[in-house]
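Beneath this line is the structure, given in C-alpha coordinates, with notes to follow.
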Amino acid sequence: MLSNYLNFDFNVQGKPVKGFCMRIHDDFHETYAVIVEGYHSFCVWLDSSATWRSSKYTNVEPGVLERIIGHLTISKEETNPAF
1 MLSNYLNFDF NVQGKPVKGF CMRIHDDFHE TYAVIVEGYH SFCVWLDSSA
51 TWRSSKYTNV EPGVLERIIG HLTISKEETN PAF
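Under UniProt numbering, the sequence shown has 55 at position 55, and the numbering climbs by one with no breaks.
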(Lines of atoms letter the chains of each structure in order from A and count residues from 1; the text may use other names and numbers.)
(Lines give C-alpha, C1' and ligand atoms only; values in the text may rest on other atoms or scores of the structure.)
Protein backbone atom coordinates (compact mmCIF):
# COMPACT_ATOMS: atom_id res chain seq x y z
CA MET A 1 0.00 0.00 0.00
CA LEU A 2 1.17 3.51 -0.80
CA SER A 3 1.75 5.95 2.02
CA ASN A 4 -1.17 8.20 2.87
CA TYR A 5 0.19 11.32 1.15
CA LEU A 6 2.13 11.97 -2.10
CA ASN A 7 3.27 15.36 -3.46
CA PHE A 8 3.81 15.78 -7.19
CA ASP A 9 5.38 18.52 -9.31
CA PHE A 10 5.94 17.95 -13.04
CA ASN A 11 5.42 19.52 -16.48
CA VAL A 12 3.02 18.35 -19.18
CA GLN A 13 3.55 19.98 -22.57
CA GLY A 14 5.47 22.82 -20.91
CA LYS A 15 2.75 23.51 -18.33
CA PRO A 16 3.70 23.09 -14.65
CA VAL A 17 1.44 20.80 -12.64
CA LYS A 18 1.64 20.82 -8.83
CA GLY A 19 -0.49 19.14 -6.22
CA PHE A 20 -0.84 16.13 -4.01
CA CYS A 21 -2.73 12.88 -3.53
CA MET A 22 -4.10 11.79 -0.19
CA ARG A 23 -5.37 8.31 0.57
CA ILE A 24 -8.99 8.31 1.69
CA HIS A 25 -10.94 5.57 3.43
CA ASP A 26 -12.81 3.27 1.05
CA ASP A 27 -13.91 -0.22 2.01
CA PHE A 28 -13.78 -1.49 -1.58
CA HIS A 29 -10.83 0.11 -3.42
CA GLU A 30 -7.49 1.81 -2.85
CA THR A 31 -8.71 5.41 -3.29
CA TYR A 32 -6.97 8.79 -3.39
CA ALA A 33 -8.24 12.34 -3.35
CA VAL A 34 -6.23 14.35 -5.88
CA ILE A 35 -5.75 18.08 -5.47
CA VAL A 36 -4.12 19.88 -8.40
CA GLU A 37 -3.38 23.61 -8.32
CA GLY A 38 -5.70 25.40 -10.74
CA TYR A 39 -8.14 22.49 -11.08
CA HIS A 40 -11.06 21.06 -9.13
CA SER A 41 -10.16 18.11 -6.94
CA PHE A 42 -11.14 14.60 -7.97
CA CYS A 43 -10.60 10.98 -6.95
CA VAL A 44 -8.70 8.11 -8.50
CA TRP A 45 -8.86 4.50 -7.37
CA LEU A 46 -7.48 1.09 -8.17
CA ASP A 47 -10.40 -1.20 -8.95
CA SER A 48 -10.69 -4.95 -8.37
CA SER A 49 -9.17 -5.66 -11.80
CA ALA A 50 -6.06 -3.58 -10.90
CA THR A 51 -7.08 -0.79 -13.30
CA TRP A 52 -6.82 2.85 -12.27
CA ARG A 53 -10.12 4.75 -12.56
CA SER A 54 -10.98 8.41 -12.05
CA SER A 55 -14.05 10.36 -11.04
CA LYS A 56 -16.70 10.85 -13.70
CA TYR A 57 -16.16 14.62 -13.82
CA THR A 58 -12.36 14.67 -13.70
CA ASN A 59 -11.47 17.78 -15.66
CA VAL A 60 -7.74 17.59 -16.37
CA GLU A 61 -5.91 16.92 -19.60
CA PRO A 62 -5.32 13.19 -20.22
CA GLY A 63 -1.54 13.68 -19.99
CA VAL A 64 -1.92 15.18 -16.50
CA LEU A 65 -4.07 12.29 -15.30
CA GLU A 66 -1.65 9.74 -16.78
CA ARG A 67 1.31 11.35 -14.98
CA ILE A 68 -0.54 11.45 -11.64
CA ILE A 69 -1.48 7.78 -11.96
CA GLY A 70 2.10 7.04 -13.00
CA HIS A 71 3.38 8.69 -9.81
CA LEU A 72 0.91 6.69 -7.72
CA THR A 73 1.91 3.45 -9.45
CA ILE A 74 5.65 4.08 -9.01
CA SER A 75 5.17 4.96 -5.35
CA LYS A 76 3.02 1.88 -4.86
CA GLU A 77 5.69 -0.36 -6.42
CA GLU A 78 8.41 1.22 -4.26
CA THR A 79 6.47 0.59 -1.05
CA ASN A 80 5.22 -2.87 -2.08
CA PRO A 81 7.70 -4.75 -4.35
CA ALA A 82 5.22 -7.62 -4.76
CA PHE A 83 2.83 -5.31 -6.66
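Built from N, CA and C at the ideal position, the CB exists for glycine as well.
In angstroms with no decimal places, state the Cα-to-Cα distance between lysine 15 and tryptophan 52.
-> Taking the CA atoms as reference points, lysine 15 sits about 24 angstroms from tryptophan 52.
Could you please give me the residues that DSSP links to arginine 53 through a beta bridge?
-> Per DSSP, the beta bridge partners of arginine 53 are Trp45.
Grab me the residues of tyrosine 5's own chain with a C-beta within less than 7 angstroms of its C-beta, minus the 5 sequence neighbours each way, in chain order.
-> Excluding positions up to five away in sequence, the list reads Phe20 and Met22.
How about phenylalanine 42 and threonine 31: are their beta carbons less than 7 angstroms apart?
-> Their beta carbons are not under 7 angstroms apart, which means phenylalanine 42 does not touch threonine 31 by this criterion.
Would you tell me roughly how many angstroms separate the C-alpha atoms of threonine 73 and proline 62, rounded to the nearest one?
-> Computed Cα separation, rounded: 16 angstroms.
7 angstroms CB neighbourhood of phenylalanine 28 in its chain, flanking five on each side removed | For phenylalanine 28, where only same-chain residues beyond five positions count, there are no Cβ hits under 7 angstroms.
Just mark isoleucine 68 as buried or exposed, buried being the case when its beta carbon has 16 or more other beta carbons within 10 Å.
-> Burial call: buried.
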